[in-house]
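Written below as structure tokens is the structure these notes are about.
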Amino acid sequence: MSCIFRNGKRYDNTNMVCRKCGKPVWESDDSRYEYQCFTCNKDLHSIEVKEQDGLHHSPVIVGRHINGITLNDLEWLLDENGAERIFSNQTEAEAFLLKNGFAEDDLKWMIFLEVEQETDATR
Ligand SMILES: [Zn+2]
54 MSCIFRNGKR YDNTNMVCRK CGKPVWESDD SRYEYQCFTC NKDLHSIEVK
104 EQDGLHHSPV IVGRHINGIT LNDLEWLLDE NGAERIFSNQ TEAEAFLLKN
154 GFAEDDLKWM IFLEVEQETD ATR
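Right, dumping it as structure tokens:
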């Protein structure tokens, strides 16, 4: 399960995408709607989304709560330069963790945060 943070709130991946722009949608903050698309900046009903095809391919960084306590801050997996290590997708991140001594059970406590990709339009 991957997620993003917006204004300090966590949104879990719904495995659905927006029919209009094809980007992943997230749980709506508005109880009248099921989903919302941050790209279109719109709340959506379930007929306005469709299931995501195959695996989710957004780049992610991997975090966990310090000492496994959810109230603590998150610590992020770093690369050899001390920067947050970015994986090209969650599957790749999981494979890396398993190879580096984590058990399947440990992965449940990991947070796979999608790295928002800047597009030319936002610059
Ligand atoms: Zn959209």
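As numbered in this note's numbering, residues 54 to 176 make up the sequence shown, in order.
No residue lacks a Cβ here, since even glycine has one placed at the ideal position from N, Cα and C.
Note that the structure is predicted; figures quoted are calculated from it, not measured.
Delimiting residues of the beta strand (DSSP E) encompassing residue i
{"i": "K152", "result": "Counting along the chain, K152 falls outside any beta strand (DSSP E), though it belongs to the alpha helix (DSSP H) covering Q143 to K152."}
{"i": "L124", "result": "No beta strand (DSSP E) contains L124, which DSSP labels as neither H nor E."}
{"i": "E157", "result": "It is not in any beta strand (DSSP E) - E157 instead sits in the alpha helix (DSSP H) that spans E157 to L160."}
{"i": "E167", "result": "I164 to E167"}
{"i": "D65", "result": "K62 to C71"}
Sequence-distant residues of the same chain with beta carbon closer than 7 Å to residue i, five excluded per side
{"i": "D126", "result": "I119"}
Rounded straight-line distance, which links the Cα of residue j to that of residue i
{"i": "S141", "j": "G116", "result": "15 Å"}
{"i": "Q89", "j": "H98", "result": "8 Å"}
{"i": "S81", "j": "A146", "result": "27 Å"}
{"i": "L150", "j": "Y64", "result": "23 Å"}
{"i": "G121", "j": "L130", "result": "14 Å"}
Same chain, Cβ closer than 6 Å to residue i, five either side skipped, listed in chain order
{"i": "P77", "result": "V70"}
{"i": "E128", "result": "I119"}
Supposed contact pair residue j and residue i - C-beta distance, whole angstroms, cut 8 Å
{"i": "S84", "j": "Q143", "result": "So it is not a contact: roughly 29 Å between Cβ atoms."}
Closer than 8 Å: residue i CB and nearest ligand 1 heavy atom
{"i": "V115", "result": "no"}
{"i": "T92", "result": "yes"}
{"i": "K103", "result": "no"}
{"i": "K152", "result": "no"}
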